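What follows is a single structure, written as structure tokens, with notes after it.
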Amino acid sequence: GAGVSQSPRYKVAKRGQDVALRCDPISGHVSLFWYQQALGQGPEFLTYFQNEAQLDKSGLPSDRFFAERPEGSVSTLKIQRTQQEDSAVYLCASSPLRTEKLFFGSGTQLSVL
Amino acid sequence: SQQGEEDPQALSIQEGENATMNCSYKTSINNLQWYRQNSGRGLVHLILIRSNEREKHSGRLRVTLDTSKKSSSLLITASRAADTASYFCATDALEKGNTPLVFGKGTRLSVIA
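Protein sequences appear in the order of chains A and B. Going by the numbering used here, the first sequence opens with residue 218, and the numbers climb by one from there. Going by the numbering used here, the second sequence opens with residue 208, and the numbers climb by one from there.
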């Protein structure tokens, strides 16, 4: 396929609402990463998958954040009971190998009101 | 998190001038990468330099790496208005196990026509 696809592009949620963000990586890419980027800051690591296995979730800020990649392709980042501090751009990236360059999607901009 | 630090935070130059951005990091690395981000878009990989390399070129880009000082620089020669973007360095730490790619806070480059 083309590149990494993320949906929705924009999401507005009321505080306390649950949201689900989707990432379609480049076909065949083994590694998938989620990053959170606050305004004016660099991306902060959230979690990493190798195929369907979640090998690192050390960056998830709380147990309200959950990610899955059940068939080793599409991934979903779910945020429960959203808070205002969750407002950020959520970036997904994939790579054929963990330590090589990452291919990023355009991100989902989440605004929690 | 072991975020790298870019310097300067913001840089404004005239078209045709060279732009130099610096990155410092904290721990030993496997490789260092530079990414570019246009406003409201995902990150795009520019160049990767491995820990055993000292300099690398790609078109108008020149990257240097000094592992003894734990620092890198990105030089963009003959800048164009289209180079206006944020530039991030990212490091892959040399540690046991899987470590995520860690990004700095970025340098915002403005190239004035």
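Built from N, CA and C at the ideal position, the CB exists for glycine as well. Computed from a predicted model, the values in this text were never measured in an experiment.
**Asked** Quick one, which residues of the region 318 to 330 of chain A are near chain B if we go by CB-CB under 9 Å, in chain order?
**Response** Listed in chain order, the positions of the region 318 to 330 of chain A with a beta carbon within less than 9 Å of a beta carbon of chain B are K318, L319, F320, F321, G322, S323, G324 and Q326.
**Request:** Give a yes or no on whether the minimum CB-CB distance between B:G268 and chain A is below 8 Å.
**Result:** Locating residue 268 of chain B in the second sequence gives position 61, where the first residue counts as 1. One point to set straight first is that residue 268 of chain B is Leu, not Gly, in the sequence displayed. Chain A, which has no Cβ nearer than 8 Å to the Cβ of B:L268, makes this no.
**Request:** Would you mind reading off the limits of the beta strand (DSSP E) that contains B:E213?
**Result:** In the second sequence, counting from the first residue as 1, residue 213 of chain B sits at position 6. In the DSSP assignment, B:E213 falls within the beta strand (DSSP E) that extends over E212 to D214.
**Message:** Would you call the region 293 to 305 of chain A in contact with the region 232 to 245 of chain A, where contact means no fewer than 3 C-beta pairs closer than 8 Å?
**Reply:** In this structure the region 293 to 305 of chain A touches the region 232 to 245 of chain A; the number of beta carbon pairs closer than 8 Å is three or more.
**Request:** Below 8 Å on the Cβ atoms is my guess for B:Q216 versus B:R287; work out the distance and round it to an integer in Å.
**Result:** Within the second sequence, numbered from 1, the residue matching residue 216 of chain B stands at position 9. Within the second sequence, numbered from 1, the residue matching residue 287 of chain B stands at position 80. About 22 Å separates the two Cβ atoms, so there is no contact after all.
**Asked** In chain A, which residues lie less than 8 Å from B:H264 when you measure between Cβ atoms?
**Response** Within the second sequence, numbered from 1, the residue matching residue 264 of chain B stands at position 57. What B:H264 touches in chain A: nothing, since even the nearest Cβ is about 17 Å away.
**Per-residue burial, B:Q221 [other beta carbons within 10 Å of its own, 16 or more giving buried]** = Residue mapping note: residue 221 of chain B aligns to position 14 of the second sequence, counting from 1. So B:Q221 ends up on the exposed side.
**Item:** Among A:P242, A:E269 and A:V329, nearest to A:L308 - alpha-carbon criterion
**Value:** Working through the first sequence from its first residue, we reach residue 308 of chain A at position 91. Residue A:P242 is the option with its Cα nearest to A:L308.
**Message:** Let me make sure I understand the geometry here. Which of A:A305, A:F320, A:A219 and A:G322 has the alpha-carbon closest to that of A:Q254?
**Reply:** Here residue 254 of chain A refers to the residue found at position 37 when the first sequence is read from its first residue. Ranking A:A305, A:F320, A:A219 and A:G322 by Cα distance to A:Q254 puts A:A305 first.
**Asked** Name the chain A residues whose beta carbon is nearer than 7 Å to that of B:G249?
**Response** Here residue 249 of chain B refers to the residue found at position 42 of the second sequence. Here the neighbours are L308, F321, G322, S323 and G324.
**Prompt:** With distances taken from CA atoms, which of A:L327, A:V229, A:A310 and A:V329 is nearest B:G249?
**Reply:** Residue numbering aside, residue 249 of chain B sits at position 42 when the second sequence is read from its first letter. Cα-wise, what sits closest to B:G249 is A:A310.
**Request:** Could you tell me whether the Cβ atoms of B:N238 and B:I256 are closer together than 8 Å?
**Result:** The residue given as residue 238 of chain B occupies position 31 in the second sequence. The residue given as residue 256 of chain B occupies position 49 in the second sequence. In this structure, B:N238 places its C-beta atom within 8 Å of the C-beta atom of B:I256.
**Simplified DSSP state of B:Q209, which is helix, strand or coil** = Looking up residue 209 of chain B in the second sequence gives position 2. The predicted position of B:Q209 is uncertain, since its pLDDT is 47 and thus under 50; a value taken from the coordinates is nonetheless stated next. Secondary structure of B:Q209 (DSSP, three-state): coil.
**Asked** Are the C-beta atoms of B:K277 and some chain A residue less than 8 Å apart?
**Response** As a first step, residue 277 of chain B is located in the second sequence; it is residue number 70 there, counting from the start. B:K277 is outside the set of residues whose beta carbon lies under 8 Å from a beta carbon in chain A.
**Asked** Name the chain B residues that come within less than 7 Å of A:G245, Cβ to Cβ?
**Response** Taking the first residue of the first sequence as position 1, residue 245 of chain A is located at position 28. In chain order: nothing, as chain B lies at least about 17 Å away.
**Item:** Outcome for A:V229 when other beta-carbon atoms lying within 10 angstroms are tallied against a minimum of 16
**Value:** As a first step, residue 229 of chain A must be located in the first sequence, where it is residue number 12. With fewer than 16 Cβ atoms within 10 Å of its Cβ, A:V229 is classed as exposed.
**Message:** Between the alpha carbons of A:K295 and B:G223, how many angstroms are there, rounded?
**Reply:** As a working mapping, residue 295 of chain A is identified with position 78 in the first sequence. As a working mapping, residue 223 of chain B is identified with position 16 in the second sequence. Rounded to the nearest whole angstrom, the CA to CA distance from A:K295 to B:G223 is 45 Å.
**Request:** Apply the 10 Å Cβ neighbour rule to B:E261 and answer buried if 16 or more other Cβ atoms are within range, or exposed otherwise.
**Result:** If you number the second sequence from 1, residue 261 of chain B lands on position 54. In the sequence as displayed, the identity of residue 261 of chain B is Arg instead of Glu. Its Cβ having fewer than 16 others within 10 Å, B:R261 is exposed.
**Request:** Report yes or no: do three or more beta-carbon pairs, one from the region 276 to 287 of chain A and one from the region 259 to 266 of chain A, lie closer than 8 Å?
**Result:** Contact holds: three or more Cβ-Cβ distances are below 8 Å.
**Message:** Quick check on the burial criterion: 16 or more other C-beta atoms within 10 angstroms. Buried or exposed for B:L301?
**Reply:** Within the second sequence, residue 301 of chain B is the residue found at index 94, counting from 1. That one is exposed.
**Prompt:** Does A:P260 get closer than 8 Å to chain B when you measure Cβ to Cβ?
**Reply:** Residue 260 of chain A sits at position 43 when you count from the first residue of the first sequence. With 8 Å as the cut-off, A:P260 counts as an interface residue toward chain B.
**Prompt:** Taking 8 Å as the CB-CB limit, is B:P307 close to chain A?
**Reply:** Position 100 of the second sequence, counted from the first residue, corresponds to residue 307 of chain B. Interface residue, yes.
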